[in-house]
Structures are given as C-alpha cells and as structure tokens.
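Here the sequence shown stands for residues 1 to 425, numbered as in UniProt numbering.
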Amino acid sequence: MQSPNKQPLERRIVIAFALMTLIVSGTFSLGIVAIVHFIEEHLVSEELSHELEFAMRQEAKGIEPAWIDASTKYYSSRNKNLPAQYAHLPDGFSEVVATNSEAYYVFKRSHEGHQDILEQEQHEFEAREQALFDVVLGGFLLSVVGAWGLGRLLARRVMTPVRRLAQQVRHRDQLLPMAPKLAPDYPDDEVGRLAAAFDETLGQLRHSLERERLFTSDVSHELRTPLMVISSSCELLSTSPRLTEHEQSQVDRISRAGTDMKDLVQTFLQLARAGLGQTSLTEEKSLSELAVEQARQWGPHFEEKGLSFHLLGELDNNELYDSALLRTVMSNLLRNALHYTETGEVRLIVEAGGFRVEDTGPGISQNDRERIFNSFVRGESARGEGLGLGLSIVRRICQQKGWKILVESQEKIGSRFSIVLSEKA
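As structure tokens, then:
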C-alpha cells in the first residue's frame, strides 16, 4: 500500500475534501444528537418534576389523581398501585423501554418511606427523535458523498493544466533549439509560474546541450585534417626502405593509433549528430571481419603482458554493422580487459547477433556494476593509460544504436561483457 505522501496529488485532494467534510459533518451530527439528549433529559426531567409535585399536592388534599393527562399517569405506594417494574429505579428521571418496545419517561421521588412515580408515554417523541436522527444520518452521508464528488471534480480541474504541463515537459521536442515556450499557454497563477520556471530551466539545458554538441562536432571536424596527415605520413614512411625493423614497428604503432583516433572522431561525430536528429553515412563491416582485425591488433599487447588471448566462436558471421562504432565498442572492451587482467586469459567470442569479451581479472562487485559505466570511473586494480571513459563511451554507443550490453562478474574469478547487436540500422 502506498504511503500518503506517495499518493497521486488528485487523490490527495479528494481525500482531503472527504476527510474535512467527514470531520465537520460528523462533529455537527454528533452535536445535534448530544443536544437532543440533553434537552430530553433536562427539560423533560424538569417538567415531570413539576407535574409530580402537583400530583403529590393533590394527593395531600385528599384528591387521588390516577392520571394527569392522557399520556401521563401518577402512581404512589400509599395507594398500593406502584408498578413492580419501577420499584428498582433510582430517584429522579429515567427512560424505560418496555418489552413491547413501548417507551416511557419515569420520574421517581422517595420521601417519608413512600415512593411516588410519574409515568409519561414518549412514543410520539421517540418517533420524532428517530426521524430527526435519520435526517441527520442521511445529511451526514450525503455531505460526505457530495464532498467526494466535488473533490473529484475540483481535483480534475486543478490537475488538468498540471498534467498538460507535465506532458509538454516530458516531450523530447522541448530540448530542440526552436522549441516554443510553455508559459504563454497558462494563466498567471501557480501553474503558469511553474511553466515559466520550466522554460528557464529547459532553456539553460538546451544551451548546455547545444554547446556540448557544437564543441564535440567542431573538435571532431578539426581533428580530421591532422589525422589524415598522420595517416598519409605513416603510409609514406612505411614504403621507405631505409627504416629499420624497430622504426617500422613504431610507424605501424603510430598508424594504428591514428586509426583508433579516426574511429573515435567518427564515433563522437555520430553521437553528436544523433543528438541533433541527423544521420551520417558510414562504412560497414561484418562482425567477423572486425573481430579478426581487433584480435590482430590486441593480441600482441596481451602477449606482452603474459596473458593468453583467444578468438573463438562463429567467425563466418557476415552481417554488416557500423564499423567505426562497433570497432570502438570492441576495442574499448578489449582494452578494459587488458588493463584489469593480471594473470590468466582473455577471450573474444563471436556469436550470432553479438559477441562476448571474457577475462580472468579481479571481477566487479555487485555495487560497482552500474557505476563502472559512469565517466571517469576506474577500478582500484586498473593498470595502464586511460581516464575511465571507455565503458562510458561503450554504453553511449549501445544506447544510440539500440544494442544491449550485459555484465556478468564474480569477484576474484573474472568478468564477462556481452554485446547483443540489434538489426542493422
């Protein structure tokens, strides 16, 4: 059951109306009942006391009043006509209901060893009293039901602009640069001021996102030229016969780094354009081709660290994917395995519709499995270069392309990162 502070606002308004009416109407109804009983007990008691004194004076004069009026009777122990059912009653006013459901007011007075009783029928008064109580109860119930209905009506009218504002704020078009303002659609009340506050906040958010996209796009464009220079220079140097074997390996290393940087630039450009709703034409390669390429690139690094590296699985998978993005995802996962694995092996396993990277590293605790995808987060056992952005980039790419990333890990045993690729976009 939801706690009161987590109930929908519309329901809380209805509950407030109903509770307020319940308390006010209940208090008013109980007050009416209490007043009726007070009048019945005190005023009727006083009237019966006067009538009993009158009857006793009449008896003292030698007159025996068997009745005073049609509904009132006088009994006295002197006349030995005292009803047995009244003998146990205390002195003063009493209300008696007989076995036949007939009700009587009885006023009893004891003096000088004698008892005098005045009995008055109250059938008519009881009927009117019951009718009054029925009216009070009906009014109480009607007021509660009416308050519930009125509360629902008012809550809907109050919440309609709030719901509309929430829907407008939730709409993704509000983050576009030319999105219309929200405040002009609402009157100058609390909802209107809330809409104005959203306009201000969304405006600041739009400016921040625009600056970030422009920065990413501009930097990526500006890096393309020097990367092309590096790539072409490496190609020219590779054809030179005067390079030693060591120098040739360094040139190859520079060339691979340039290729990685070019892929990262392309990745950042695509992510920035995706945020702006733009698309770009990119080169596509099969999953198997990229896996073999990455195995050739990263295999020597694992061997240098004394780790076994294996490329396994369905290497005849020819389904095409965005080469720059998929290469970035696979490369970052392999780099992550290299940094965190000190002994054992790393496996790149190609499957139908995806791939896995498994290592025998220290594993990831349950609490850190979501945190590792945040920017600038590195594990305590990390080695080598890096700022902790690799897995963050991997998740952003997967979210943008509709791919799924799954993490399975056991501490001190190892981790498994699985990428489930969607259909070609």
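Built from N, CA and C at the ideal position, the CB exists for glycine as well.
- Contact holds between the stretch 43-57 and the stretch 101-117, because three or more Cβ pairs, one in each stretch, are under 8 angstroms apart.
- In chain order, VAL329 and ASN332 place their CB closer than 6 angstroms to the CB of VAL394, counting only its own chain and leaving out the 5 sequence neighbours on each side.
- Taking C-alpha positions only, GLU222 is separated from GLU247 by approximately 29 angstroms.
- At the C-beta level, ALA179 and ALA196 stay beyond 8 angstroms of one another.
- Within the stretch 300-381, the complete alpha helix (DSSP H) segments of 4 residues or longer fall at 323-340, listed in chain order.
- In terms of CA proximity to LEU43, PHE93 leads the group LEU30, TYR75 and PHE93.
- Below 8 angstroms, enough C-beta pairs join the stretch 7-19 and the stretch 153-169 to call them touching: three or more.
- Ranking VAL229, THR225, ILE230 and ASP252 by CA distance to the CA of SER238 puts ASP252 first.
- Put simply, the backbone Cα of GLN400 is about 12 angstroms away from that of ASP322.
- Cβ contact annotation for GLU411 (same chain, cutoff 8 angstroms, sequence separation greater than five): PRO362, GLY363, ILE364 and SER365, in chain order.
- Distance check between GLN85 and each of GLU112, GLY113 and ILE117 places ILE117 closest, using alpha-carbon atoms only.
- Rounded to the nearest angstrom, the gap between the Cα atoms of ARG327 and LEU320 is 12 angstroms.
- For the pair SER77 and HIS37, the CB atoms are not nearer than the 8 angstroms cut-off.
- Under the three-state reduction of DSSP, TYR186 is assigned to coil, being neither helix nor strand.
- Just measuring C-alpha positions, the residue of PHE28, VAL420, GLN204 and ARG416 sitting nearest PHE133 is PHE28.
- Under the three-state reduction of DSSP, LEU89 is assigned to coil, being neither helix nor strand.
- In this structure, the CA atom of ASN336 is about 16 angstroms from the CA atom of HIS310.
- When DSSP states are grouped into helix, strand and coil, GLY414 belongs to the strand group.
- Distance from the Cα of ASP199 is smallest, within the candidate group ASP185, GLU210 and LYS181, for LYS181.
- GLY313 sits close to ILE349, with the two beta carbons spaced by under 8 angstroms.
- Collapsing the DSSP output to three states places LYS401 in a helix.
- Taking C-beta atoms as the reference points, SER409 and SER415 count as a pair closer than 8 angstroms.
- ARG242 carries a coil assignment under DSSP once its states are collapsed to helix, strand and coil.
- Sequence-distant partners of LYS262 (beyond 5 residues in either direction) whose C-beta falls short of 6 angstroms from its own C-beta, in its chain, are LEU227.
- Contact check for GLY353 and VAL420: beta-carbon distance about 6 angstroms, within the 8 angstroms limit, so the pair qualifies.
- According to DSSP, residue pairing for ILE117 in a beta bridge involves TYR75 and LYS108.
- The alpha carbon of ARG256 has as its nearest neighbour, out of ASN317, GLN266 and GLU293, the alpha carbon of GLU293.
- In the same chain as GLY258, and ignoring 5 residues on each side of it, the C-beta atoms closer than 7 angstroms to its own belong to LEU227, ILE230, SER231 and CYS234, in chain order.
- Per the C-alpha coordinates, the member of SER288, HIS171, SER249 and GLU190 positioned closest to MET159 is GLU190.
- Non-local beta-carbon contacts of GLU303 in its own chain, meaning distances under 8 angstroms to residues more than five positions away in sequence, involve PHE309 in chain order.
- For THR72, same chain residues with a beta-carbon under 6 angstroms away, outside a window of 5 residues either side, are GLN120 in chain order.
- In this structure, DSSP gives ALA179 a state outside helix and strand, which the three-state scheme calls coil.
- Secondary structure of LYS285 (DSSP, three-state): strand.
- Distance from PHE355 to ALA295 at the Cβ level is roughly 11 angstroms; contact not present, criterion being Cβ atoms closer than 8 angstroms.
- Around the beta carbon of ILE413, fewer than 16 other beta carbons lie within 10 angstroms, which makes this residue exposed.
- DSSP, reduced to helix, strand and coil, places LEU137 within a helical segment of the structure shown.
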